[in-house]
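Chemist:
Chains as they are written, first to last, in our numbering: chain A, 722 to 835; chain B, 4 to 117.
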C-alpha cells in the first residue's frame, strides 16, 4: 500500500518570503499522480498543484511550484512571495495512475507572519 | 466554493443514535468519494462511487457505516449506533473521471458524538 509522509507538522514564513514544504511517499508503481491541496481554516480543501509522475518537468502554478524527485520519491512544494492568504493546512496526496483511491499525508500547518 | 455541497455542516448526536449525511457533487462528475478527517490529520479514504455503483470500500468502513448513491447524483453516508470514536469531519469529493483530472471537495460535515 502507498503511504505519504509530511515530516513538518508546522512551518512559518515571513510575508513576501519563500517557503518549501516537504513530502515523501512510498510506492512500487511507476506511474501515478501527486497533488498538493490547501485547506484554509474552516474552508473547503482546494487543489494547489498537480504533477504526473511520467512528466520530468516540474509543475508550476503562479507562485506555487514543485520539486519532483522521482527516484527519491520526494515531492516538495515551494511557495514564493508568500501572502497572508497562503496560511492554511497543506496536504500532499498520491493517486495511482489507474486507481481511484487518493492517499493523503498528515499535513503541514503553514503560518504567514506579517 | 468548489461546487460540491454537504448537509448538514455540523451534527451533534448522542452515542448510539443513527446519523445520515448528504453530499451533492458537481453535476457532471460521475466519481464520488467519502473521506473521514480527524483533527490534525489528512483525509482518510472511506468509499468511492462510480455513478451509482459503490466500487471500493476501505477497511475503515465498518458494518455500522453504509453509503449510497441511488441515481448516480447525490450520495448519503449513514452511521448506525454512533460511537465517540466516530467524531470527525466527513468530507465528500467528486471528480469527472478522467485520469488527469482532480477531486473537488465539499465543506464537510463535522460530527460530534457525545
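From the three backbone atoms N, C-alpha and C, an ideal C-beta is built for every residue, glycine too.
Once you ignore the five residues that flank residue 773/A on each side, which residues in its own chain have a CB closer than 7 Å to its CB?
Modeler: Numbered from 1 along the first chain, position 52 holds the residue referred to as residue 773/A. Only 754 meet the Cβ criterion.
Chemist: Is the distance from the Cβ of residue 115/B to the Cβ of residue 20/B below 8 Å?
Modeler: Residue mapping note: residue 115/B aligns to position 112 of the second chain, counting from 1. Residue mapping note: residue 20/B aligns to position 17 of the second chain, counting from 1. Cβ atoms of residue 115/B and residue 20/B: not closer than 8 Å.
Chemist: Run through chain B and tell me which residues come within less than 9 Å of residue 812/A, C-beta to C-beta.
Modeler: Sequence index remark: in the first chain, residue 812/A carries index 91 (1-based). Chain B residues near residue 812/A: 45, 46.
Chemist: What are the boundary residues of the beta strand (DSSP E) that residue 99/B is part of?
Modeler: Looking up residue 99/B in the second chain gives position 96. Per DSSP, residue 99/B belongs to no beta strand (DSSP E) and is neither H nor E.
Chemist: Nearest CA to the CA of residue 112/B: which residue from 732/A, 743/A, 765/A, 733/A?
Modeler: Within the second chain, residue 112/B is the residue found at index 109, counting from 1. Taking only the C-alpha atoms, the option nearest residue 112/B is 765/A.
Chemist: Can you pull the DSSP bridge partners for residue 56/B?
Modeler: Position 53 of the second chain, counted from the first residue, corresponds to residue 56/B. Bridge partners of residue 56/B: 53/B.
Chemist: Mind checking which residues open and close the beta strand (DSSP E) that includes residue 737/A?
Modeler: For this step, residue 737/A is matched to residue 16 along the first chain. Taken as a continuous stretch (DSSP letters only), residue 737/A belongs to no beta strand (DSSP E), as it is neither H nor E.
Chemist: Could you confirm whether any beta carbon from chain B is found closer than 8 Å to the beta carbon of residue 796/A?
Modeler: By one-based count along the first chain, residue 796/A stands at place 75. Cβ-Cβ to chain B under 8 Å: no for residue 796/A.
Chemist: Within 10 angstroms of its Cβ, does residue 98/B collect 16 or more other Cβ (buried), or is it exposed?
Modeler: Indexing the second chain from 1 puts residue 98/B at position 95. Under this definition residue 98/B is a buried residue.
Chemist: Please identify the residue among 819/A, 740/A, 728/A whose C-alpha is closest to the C-alpha of residue 802/A.
Modeler: Taking the first residue of the first chain as position 1, residue 802/A is located at position 81. Ranking 819/A, 740/A, 728/A by Cα distance to residue 802/A puts 740/A first.
Chemist: In chain order, what residues of the same chain have a beta carbon less than 6 Å from the beta carbon of residue 818/A, not counting five sequence neighbours either side?
Modeler: Taking the first chain and counting its residues from 1, the one referred to as residue 818/A is at position 97. 752, 753.
Chemist: Report, in whole angstroms, the separation of the C-beta atoms of residue 800/A and residue 785/A, which I expect to be a contact under 8 Å.
Modeler: As a position in the first chain, residue 800/A is number 79, starting the count at 1. As a position in the first chain, residue 785/A is number 64, starting the count at 1. About 6 Å separates the two Cβ atoms, so the contact holds.
Chemist: Please compile the residues from chain B whose C-beta is within a distance smaller than 9 Å of the C-beta of residue 822/A.
Modeler: Position 101 of the first chain, counting from 1, holds the residue named residue 822/A. Near residue 822/A (Cβ distances below 9 Å), the residues of chain B are 36, 48, 51, 59, 61.
Chemist: Keeping to the same chain, check which residues put their C-beta closer than 7 Å to that of residue 745/A; ignore five residues upstream and five downstream.
Modeler: Translated into positions along the first chain, residue 745/A becomes position 24. Counting only Cβ-Cβ distances below 7 Å, and skipping sequence neighbours, we find 726, 794, 795.
Chemist: Compare the C-beta of residue 834/A against all C-beta atoms of chain B and say whether one is closer than 8 Å.
Modeler: Here residue 834/A is taken as the residue at index 113 of the first chain, counted from 1. It does not; no Cβ of chain B falls within 8 Å.
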